[in-house]
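Visitor: Mind having a look at this structure? Questions to follow.
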Amino acid sequence: MLELRAQIDALDQRLIEMLARRAAYIDRAAELKPAEGLAARIDARVEQVVANARRNADAAGLDPDFAETIWRQMIDWSIAREERVLGPSQHD
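Here is the structure:
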C-alpha cells in the first residue's frame, strides 16, 4: 500500500506541474488576446475544450462526466485569471 500511495503522490506532483504550465499558457494568452480583439471567455472555445476533454477521457477509460466537471472548473479559473488582465468578458 505504501508503494501505491507513493505512486499516487508522484502522479499528483506531475499533475500540479502540468497545471502550472497550463497557467503559464493562460497568462500568455491574456497577453496576446488584446491585440486580436479577443475576450477572456470565448464560449465556442470553452465548449471545444470541454468536448476534447470528454472525448479524451472516454478514450482513456475515464468517466467523461468527471472529466467535464474538472475541465469546467479549470476553465472558469483560467477565465477569471485572464479577466484580471483583460477585464470582464462579454459572452459570445
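Read in order, the letters of the sequence shown correspond to residues 155 to 246 in our numbering. The beta carbon of each residue, even a glycine, is placed where N, CA and C say it ideally should be.
In whole angstroms, give me the CA-to-CA distance for Leu192 and Leu186.
Guide: Numbered from 1 along the sequence shown, position 38 holds the residue referred to as residue 192. Numbered from 1 along the sequence shown, position 32 holds the residue referred to as residue 186. Computed Cα separation, rounded: 9 Å.
Visitor: Label Ala184 either buried or exposed according to how many other C-beta atoms from any shown protein chain fall within 10 Å of its C-beta, with 16 as the threshold for buried.
Guide: Within the sequence shown, numbered from 1, the residue matching residue 184 stands at position 30. Looking at its Cβ environment, which holds 16 or more other Cβ atoms inside 10 Å, Ala184 is buried.
Visitor: Spatial neighbours of Glu239 within its chain, please: CB distance less than 7 Å, with the 5 preceding and 5 following residues excluded, ordered by chain position.
Guide: Looking up residue 239 in the sequence shown gives position 85. Rather than Glu, the amino acid found at residue 239 in this sequence is Val. Answer for Val239: Ala184, listed in chain order.
Visitor: Taking the alpha-carbon of Gly241 as reference, which of Ala194, Ala211 and Arg209 has the nearest alpha-carbon?
Guide: For the purposes of this step, residue 241 is identified with residue 87 of the sequence shown, where counting begins at 1. If we check each option's Cα against that of Gly241, Ala194 comes out closest.
Visitor: From the DSSP output, in three-state form, read off Arg195 for me.
Guide: If you number the sequence shown from 1, residue 195 lands on position 41. If DSSP states are grouped into helix, strand and coil, Arg195 belongs with coil.
Visitor: Using a Cβ-Cβ distance cut-off of 8 Å, determine whether Asp212 contacts chain D.
Guide: Looking for chain D here will not work: only one protein chain is present.
Visitor: Can you have a look at Ala198 and say buried or exposed, based on whether 16 or more other CB atoms are within 10 angstroms of its CB?
Guide: Your numbering for residue 198 matches position 44 in the sequence shown. Exposed, since its Cβ has fewer than 16 Cβ neighbours within 10 Å.
Visitor: Keeping to the same chain, check which residues put their C-beta closer than 7 Å to that of Ala207; ignore five residues upstream and five downstream.
Guide: Position 53 of the sequence shown, counted from the start, is the residue given in the question as residue 207. Ala221, Glu222 and Trp225.
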